[in-house]
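Trainee:
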DNA sequence: CCCTGATTCGC
DNA sequence: GCGAATCAGG
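Numbering (the UniProt record's numbering), first residue to last: 1 to 198.
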């Protein structure tokens, strides 16, 4: 697979959007995240500037490794990466979708034994965190219970007794059960609310 | 462990 | 130019 114009453009777009290299690679298909990163560098847009400090890679002083890497490794044939290219179309979602009124109130069909995390009761949670959550929920993958894996955000959204109930499903940050945004509202140290000074 | 981007260097 | 291997960090 080569870098056609379209693929490069998509790469640029996604990179500009702040998507991670691995996400871009998955989206494009047929390439690894390394390929994406390599291309990004070659295109000279390695630096994601714009607004807000990039939290990811800090501007680390890279003096000079000096020592050459022991690159005597035998390099076997590169993996062809057999990907059938599953390409789900991404619908453009710009405008805010009107919240559909929960007309139907089904009986509580809550799967028993589901550890529901403390829902943000709009209590004393950082407005910033809340904003981030609602922002993120638009992009949520809306997974069902069975689709959850160890690496998908298990934050439930909506009313379990309603049709529109799903799990966030975004990639979790680390070993945590939620994505970054949801971790933000889920694991708020008591100290931050009691003694919140800012 | 999972992830992220950055860099090197054989191809 | 490409990208796997590696590095470096969270």
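Yeah, the Cβ is synthetic: ideal placement off N, Cα and C, and Gly gets one too.
Going by the DSSP bridge assignment, what does residue 167 pair with across the sheet?
Mentor: Reading the first chain from its first residue, position 167 is the one you call residue 167. Answer is 143, 156, bridged to residue 167.
Trainee: For residue 40, which option in 14, 29, 26 has the closest C-alpha, if you only look at C-alpha atoms?
Mentor: For the purposes of this step, residue 40 is taken as residue 40 along the first chain, with counting starting at 1. With distances taken between Cα atoms, residue 40 lies closest to 14.
Trainee: Skipping 5 residues on each side, what residues in its chain have a beta carbon closer than 6 Å to that of residue 22?
Mentor: As a first step, residue 22 must be located in the first chain, where it is residue number 22. Within the same chain, residue 22 has close Cβ partners 33.
Trainee: Within a Cβ cutoff of 6 Å, which residues of the same chain sit near residue 167, ignoring the five residues on either side of it in sequence?
Mentor: Against the first chain, residue 167 aligns to sequence position 167. Correct list, in chain order: 143, 148, 154, 156.
Trainee: Whose C-beta lies closer than 8 Å to the C-beta of residue 66 among residues of the same chain, with five residues either side of it excluded?
Mentor: The residue labelled residue 66 in the question sits at position 66 within the first chain. Low local confidence applies: a pLDDT of 41 at residue 66 is under 50, so the model's placement there is unreliable, and no value is given.
Trainee: Excluding the 5 residues preceding and the 5 following residue 28 in the sequence, name in chain order all residues of the same chain whose CB lies nearer than 6 Å to its CB.
Mentor: Indexing the first chain from 1 puts residue 28 at position 28. Contacts found: 7.
Trainee: Using a Cβ-Cβ cut-off of 7 Å (strictly less than) and excluding sequence neighbours within five positions of residue 132, which residues of its own chain qualify?
Mentor: Reading the first chain from its first residue, position 132 is the one you call residue 132. If we look at residue 132 and ignore the five residues flanking it on each side, its Cβ neighbours are 181, 184.
Trainee: Whose C-alpha, out of 160, 20, 43, is nearest the C-alpha of residue 145?
Mentor: For this step, residue 145 is matched to residue 145 along the first chain. Here the closest residue by C-alpha is 160.
Trainee: Using only the alpha-carbon positions, how far apart do residue 46 and residue 134 sit?
Mentor: Here residue 46 is taken as the residue at index 46 of the first chain, counted from 1. Here residue 134 is taken as the residue at index 134 of the first chain, counted from 1. The straight-line gap from Cα to Cα measures roughly 29 Å.
Trainee: Buried or exposed for residue 18, please, with buried defined as at least 16 other CB atoms from any protein chain shown within 10 angstroms of its CB.
Mentor: For this step, residue 18 is matched to residue 18 along the first chain. So residue 18 ends up on the exposed side.
Trainee: So, helix, strand or coil for residue 10, using DSSP?
Mentor: Counted from its first residue, the first chain places residue 10 at position 10. Helix.
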